[in-house]
Structure formats: C-alpha cells, structure tokens
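Undergrad: Structure in structure tokens, see below.
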Amino acid sequence: MPGVISWAIVSAAVVGLFFFPDQWASVATVFVGYLMLRMILIVTFAIVGDVRRRIWEKRDWTEDDTLPGPAAFSPADVHHVVLVPNYKEPLDVLERTIGALAVQHRAEERVVVVLGMEQREPGALEKGEALAARYADRFESIIVTVHPADVPGELACKASNQTYAAGIARDIVVRELGIPLDRITVTSCDADSVIHPKYFAAVSRMFAADERRHARFWQAPMHYYNNIWDVPAPIRYTAWFIHAAHLAELAMPFYEPLPISTYTLSMKMAEETGWWDPMVISEDWHVMLNAMFKRHGDVSLTPVFLPTWSDATDGETFWRAMKNRYDQVLRHAWGAEDVGYILREIIDEGARPAAQSVFRLVQVLHDHTLRVASWFMLITGYAINLGVERAWAYYDAGGAIRDVHPVLRYFFLAGTLAVACTIVVELLRTLRLADGLSAVSPSRSGSCGSVRPSSGSSSAPCRRCTLRRS
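Straight run, no breaks: the sequence shown in numbering that gives the first Met the number 0 ends on number 469.
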C-alpha cells in the first residue's frame, strides 16, 4: 500500500507538472505549508528534548535504589537482559558495545548480556566465547547463543536471532539464576549501540515504580555520532536531522512514536506476545504493533532522555558510503509491510481499540510515504512557480493562497540554500578540525563509559559465562 500511494503521488506530480500546472501549484503550496509546520515542531521539541537530556544526565538515578516501589521490589531488584544480535561485526565494535554495558550501575549484579551469534558467520562461536570469557566478571552473566542457519519459516535477520537468543536467556535467567520473570527487562541492542551509562539505572527506577511496567516500552533518543566525523558530509547531515527528529518525537507530549533500533521492554510482556516475529526484517516497529494487538491496545512507549550512541553509515570510499546508506534506507523501507499487517488485524481480526489501530496505520503509512513522495511534490511544485508566473494559485484561488504561497516559496528556497551550504561546509572541514571537535564522541574519548577488559582476564569461561551452541 505505501508503494501504491507513493507511485500515485509521483505520477500525479509528473502529470501535474506538464498538464495541470496551476492546480498542482496549489497542491504543492499546501504540502510545503505542512512541511514547514512539521519542521517548526521538530526544531521546537528537539530543543525541549535536549533540555530534558541535560536534566536527566545530571540526576542521580541510583539514589535510594533499595527502597521498594508499589510492587514491593526496589530498582535494585530489577534485572536487565541485553540481547546483542550480531553478524560479521568487527571485534572492536562489539567490545565498545559490551564495554558501555559493563559500566552500567550494578552491572555485575543485575545485567545479563546475551551475544546472539549467527551460524552463518565462520568462527562466530569462537568469537562469542572469547568475548564472553574476557568480560565475564563484569556482568551477572554473559550468554553466547548461536542462531542456526536456514531455519524453515525464518528470515536471516535480527528478529529471528533475537527470538532464538531470548528463549535461551529466559530459561537460564529464570530457571537457573532463579530471578522472578516479573522483575526482568529485555533490551534489544544493536551491535554498534553505545548505551548511556545511566540508562539502566533510570529504567530500573521507572520499571519498579510503574504499575503498568508490563505494558511499556522504554526508548532512548538515538544519536548516530560514534563515527560522525568519519562519514561523508551528506550522511553526517542526515544523521543530525534524524537525531533531531527522533529526539523531538520523544519530547512531544501529544505524540507517541514507535520504538527504533535499541529499546527495552518487560520480558514478561515479550514472552506473552511471542517475542519477535522471525519473518519480519524491520522488527522494532513490528514488535510494538504486535504487542498492541495482542494486548488490545494496552501498551505504550516511555521516553528515556539518556541518549544511545550508534554508528552512522560509512564505507571505504565516498560512493561506497553512499551506497551503504542507500542499502540501509532500503532495509528500513521493509517496515512498510507493517501497513499490511495493521490492515489485516483491523479487517480480519477486528482489532480493538479501533482508534489506536487507525492512528498506528496512518503513522506508519505517513512515514513510509513521506520519505519517497515529498521530493517529487516539492521539486515539481517549485519548478512550476519558477517558470509560470500566471499560476492559478495566484489569481483564481483567493487571497489566502495568493498571499501565502510566495512566503512559503521563499522559506523553502532559503531552507534549501541553508542545507546546501551546510553540506558544503562539512565537505570542506579538515580532518584536524574534525579530530578536535570529536572529543564528544564515545568511540574516541570514552565519554559514554566504554571500558576495556583487563589484561589479566582469563581466556577460559568462568562461572558467570554461559555458552549455548545451536
């Protein structure tokens, strides 16, 4: 459906450009007005979100963490299972991710790391075992799973790996370690994610205090800054914009986004709703949509204003990086299949509540269509007005469009010029300047608390290291 709508808009833009220029100029005017309103909201609430980030980072989330909450257990009693599915990830990237987990509050008592390896990767088990042995004394437990290759009814994707790893981790943590299921969270952590050192302390406090803890997702704003000064300028710019948009959506009191990339939920809810669908590539949105339908709408997302740092798309050359970015966007576009999933639940299953289901349908459809169709509407609309001064929008549509359209056009042109200048400036930055500015990067300075294993770490698994082969 997103593809049909996108192609319909693209076709309408082309037809409007050549055969109905006056009418299409009016359509473009309305669309640009919508985009301007959207940008104003993003800028405003990105600032609000950044203020909240500063406040959250200054707060001591560990204070009185032994005091019990409404469910008679304290934040210190909450355990966190962190799933790190990976495939052919460089060792230093995995070490950076694990290192950020190792400095979490009470990590050696309350954090269980699950390295989800893939059988398709040669030497995956050995790599996982080596990492587990090196970091074993820093966590309550570290588990290595190897997801089998070519399983019928599964795609080779993050979701199938996580579901396999989560089932094994659940048995170990609940049955062998004796931890009550209702005191466990499970975090889907991308292999390149550097989680804020206060993240799990904050989630522990919110989890223990929230009576709806088993109907929540927790989401931190994603900052694609680990390698921000190493990627081409166009990718750097889009990384900044994506970060600002995500931060703004989390800060909006009237809007609830879907989870992305790295997020946390109750293990009890994850198990009750069937974990992750192994046939879905874009698992993050889908897992919350699935929970919404399985729980009849009783699910929500809570922002955690402690950012998670991740990698922006890179490559050996400029064009390879751009190709990799295209491939990444293409993978994200597979999330459009959620439109069909929502429609099926609404039509065939009579999903309730209907209003929430329709909102999610519009939300997913909007995001997947906008990224494709917006450029065609903008380019064709302004191509008309650059060459046709006697547009119907000026003379026949009334004073509202006639007066507003030139203002919107100038704002659009100014914004386009600003974007172009920003990209040019980034292209001209020297590596020396970039290195000086990159002091904020956790991958270079360790500001997010990444730690390295001690030189005296044993190469053999210890009692906290659990290995699970396929």
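Beta carbons are placed, not taken as given, at the ideal position from N, Cα and C, and that holds for glycine.
Quick caveat: nothing in here was measured; it's all calculated off a predicted structure.
At which residues does the beta strand (DSSP E) containing E108 begin and terminate?
TA: No beta strand (DSSP E) contains E108, which is instead part of the alpha helix (DSSP H) from 106-109.
Undergrad: Which runs of the alpha helix (DSSP H) spanning at least 4 residues fall entirely within the stretch 323-369, listed in chain order?
TA: Entirely contained in the stretch 323-369, the alpha helix (DSSP H) runs reaching 4 residues are, in chain order, 336-346.
Undergrad: Please report the distance separating the alpha-carbon of Q362 from that of I41.
TA: Between Q362 and I41, the C-alpha separation is close to 16 Å.
Undergrad: Along the chain, where does the beta strand (DSSP E) that runs through L300 open and close?
TA: Start and end: 299-302.
Undergrad: Could you tell me whether the stretch 202-219 touches the stretch 260-267, where touching means 3 or more Cβ pairs closer than 8 Å?
TA: Result yes; three or more Cβ-Cβ pairs closer than 8 Å.
Undergrad: With burial defined as no fewer than 16 other Cβ atoms inside 10 Å of the residue's Cβ, what is the status of Y224: buried or exposed?
TA: Label assigned to Y224: buried.
Undergrad: Which one or two residues does DSSP pair with I183 in a beta bridge?
TA: H78, per the DSSP bridge assignment.
Undergrad: Can you find a heavy atom of the ligand ATP that lies under 8 Å from the Cβ of M266?
TA: In terms of ligand content, the structure shown is empty, and the ligand ATP therefore cannot be addressed.
Undergrad: Among the candidates V110, K322, S309, T368, whose CA atom is the shortest distance from the CA of P233?
TA: When each option's Cα is compared against that of P233, the closest is K322.
Undergrad: Are the Cβ atoms of A243 and A413 separated by less than 9 Å?
TA: No. Outside cutoff.
Undergrad: Quick one: which unbroken alpha helix (DSSP H) runs of 4-plus residues sit fully inside the stretch 78-152? Chain order, please.
TA: Those alpha helix (DSSP H) runs which fall completely within the stretch 78-152 and span 4+ residues are 90-101, 106-109, 123-134.
Undergrad: Compare the Cα-Cα distances from P84 to each of F30, V338, S159, K293 and report the closest residue.
TA: Considering only alpha carbons, the answer is S159.
Undergrad: Would you report the Cα separation of R176 and E153, rounded to the nearest angstrom?
TA: First, the amino acid is wrong: residue 176 is Leu here, not Arg. In a straight line, the C-alpha of L176 is about 30 Å away from that of E153.
Undergrad: Within 8 Å, do at least three Cβ pairs link the stretch 142-156 to the stretch 176-185?
TA: The stretch 176-185, when compared against the stretch 142-156, does not touch it at the 8 Å Cβ threshold.
Undergrad: So H79 and T186 are supposed to be a Cβ contact under 8 Å. How far apart are they, rounded?
TA: 6 Å between Cβ atoms; contact.
Undergrad: Please say whether L288 and P256 have beta carbons closer to each other than 9 Å?
TA: No, these two residues do not count as a Cβ contact at 9 Å.
Undergrad: Sort V29, L34, F18, V110 by Cα distance to P473 and report the nearest one.
TA: The requested residue 473 does not occur in the structure, where the chain is confined to residues 0 to 469.
Undergrad: Have a look at S456 and A131 and give me their C-alpha separation to the nearest angstrom.
TA: In this prediction, S456 scores a pLDDT of 41, lower than 50, which makes its location untrustworthy; the coordinate-derived value is nonetheless stated afterwards. In a straight line, the C-alpha of S456 is about 11 Å away from that of A131.
Undergrad: Please list, in chain order, all residues of the same chain as F72 whose beta carbon is under 7 Å from its beta carbon, the five residues on each side excluded.
TA: If we look at F72 and ignore the five residues flanking it on each side, its Cβ neighbours are R182, A207.
Undergrad: Taking C-alpha atoms, which residue in V145, V193, M278, L342 lies nearest to E120?
TA: Ranking V145, V193, M278, L342 by Cα distance to E120 puts V145 first.
Undergrad: Buried or exposed for M205, please, with buried defined as at least 16 other CB atoms from any protein chain shown within 10 angstroms of its CB.
TA: By the 10 Å Cβ count, M205 comes out buried.
Undergrad: Touch check for the stretch 163-174 and the stretch 14-31: three-plus C-beta pairs under 8 Å?
TA: In short, these stretches do not touch, since the Cβ pair count stays below three.
Undergrad: Three-state secondary structure (DSSP) at R431?
TA: Per-residue confidence for R431 stands at a pLDDT of 42, beneath the threshold of 50, marking its modelled position as unreliable; the derived number appears in the next sentence. In this structure, R431 counts as helix in the three-state DSSP scheme.
Undergrad: Could you give the distance in angstroms between the alpha-carbon of S203 and the alpha-carbon of V13?
TA: The alpha-carbon atoms of S203 and V13 are separated by roughly 53 Å.
Undergrad: Check whether the Cβ atoms of F199 and Q103 sit closer than 9 Å, and answer yes or no.
TA: Their beta carbons are under 9 Å apart, which means F199 touches Q103 by this criterion.
Undergrad: Based on Cα-Cα distance, which residue from W239, H285, A70 lies nearest to A269?
TA: Out of W239, H285, A70, H285 has the C-alpha closest to the C-alpha of A269.
Undergrad: Need the endpoints of the beta strand (DSSP E) that F216 sits in, please.
TA: Taken as a continuous stretch (DSSP letters only), the beta strand (DSSP E) holding F216 covers 215-218.
Undergrad: Thinking C-beta only, is R330 closer than 9 Å to S260?
TA: Not a contact, by the Cβ cut-off of 9 Å.
Undergrad: Compare the C-alpha of R95 against each of A11, C188, T316, P258 and name the closest.
TA: Considering only alpha carbons, the answer is C188.
Undergrad: Pick helix, strand or coil for S25, following the three-state DSSP scheme.
TA: It is helical.
Undergrad: When you compare only the Cα positions, how much space is there between R51 and Q22?
TA: Taking the straight line from one Cα to the other gives about 44 Å.
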